[in-house]
Amino acid sequence: MEQTARVSESISRRPGRPLGGQLVVDREHVLDAAERVIRRDGAGSSLEAVAVEAGVTKPIVYDRVGGRADLADALAERLADRMVLATRTALAGETLSQTGLTRFIEANLRTVADHRELFLYVTGGSTEQTALGRLSLAGMSTQPLAKTLAVWRSGIQQDPGVAEAWAFGIVGMLQMVSQWWITQEGLSAAEVAGQISELLWNGLPGRA
79 MEQTARVSES ISRRPGRPLG GQLVVDREHV LDAAERVIRR DGAGSSLEAV AVEAGVTKPI
139 VYDRVGGRAD LADALAERLA DRMVLATRTA LAGETLSQTG LTRFIEANLR TVADHRELFL
199 YVTGGSTEQT ALGRLSLAGM STQPLAKTLA VWRSGIQQDP GVAEAWAFGI VGMLQMVSQW
259 WITQEGLSAA EVAGQISELL WNGLPGRA
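Numbering (this note's numbering), first residue to last: 79 to 286.
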């Protein structure tokens, strides 16, 4: 069970206690504060800024969530939930088609655009944190596509066991495409989604 800190003004604050009067501080409170800070100040936001926004001291941030890598992992889960919701809607009731694949890719891109700084925070940081953040985000956001791929493969009497690996491959590629796309001007999500689905669906032209 998650710990809950309750502090009254009548109790002297010791190191690590929340600032101010009575306050309930749990993990979700700290994560909400982190999202606000990252949205406002960008992907370079510090744990100190998160603590100030949450109205607590930095040791409480560590106690409830952990260090930067832990915070990025927790926020990756939140971002993945939003991606899953968007992509599940895009693929709802569909057998796999190029149109459905395009919608899936566009839904991913639009979710990244809506949460640009959060995406950059999750996939940024040190080399180790970047790798963990990307893997965590991919691992939690592949399910809708993997399920659709498995159903499609079964329907054409092909091995559905490749679905998870294919889903990871596609979602991993989309992470890199997303990082590139959000730095570009004049390219819509729909335009990029169409270009990438063409590559995925038809492969490279001139292949043997």
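Every residue gets a Cβ at the ideal spot worked out from N, C-alpha and C, and that includes glycine. Because the structure is a prediction, the values reported are computed rather than measured.
Short check: CB of residue i to CB of residue j, under 8 Å?
i, j, result
"K136", "A129", "yes"
"V162", "S219", "yes"
"L153", "A112", "yes"
"T180", "A243", "no"
Rounded to a whole number of angstroms, what is the C-alpha to C-alpha distance between residue i and residue j?
i, j, result
"A106", "N280", "Before going on, a small fix: residue 106 reads as Glu here, not Ala. Rounded to whole angstroms, E106 to N280 spans 43 Å at the Cα level."
"A290", "L109", "There is no way to answer for residue 290, as the model of the chain reaches only from 79 to 286."
"A224", "A241", "5 Å"
"Q253", "I138", "32 Å"
"M251", "A267", "15 Å"
"T177", "L169", "10 Å"
"I260", "A121", "13 Å"
"L262", "A191", "The question names Leu, yet the displayed sequence has Gln at residue 262. Cα to Cα, the separation comes out at about 12 Å."
"E269", "R166", "20 Å"
"E155", "S214", "7 Å"
Assuming residue i contacts residue j under a Cβ cut-off of 8 Å, what Cβ separation, rounded to an integer in Å, is found between them?
i, j, result
"A150", "G211", "5 Å"
"L174", "W258", "25 Å between Cβ atoms; not a contact."
"R117", "E195", "6 Å"
"V134", "V103", "5 Å"
"F246", "A216", "6 Å"
"H193", "R146", "With a Cβ gap of about 18 Å, H193 and R146 do not count as contacting."
If you scan the stretch 195 to 237 from start to end, which runs of the alpha helix (DSSP H) of 4 or more residues do you find wholly inside it? 205 to 219, 221 to 233
Completely contained alpha helix (DSSP H) runs for the stretch 138 to 187, where each covers 4 or more residues: 146 to 169
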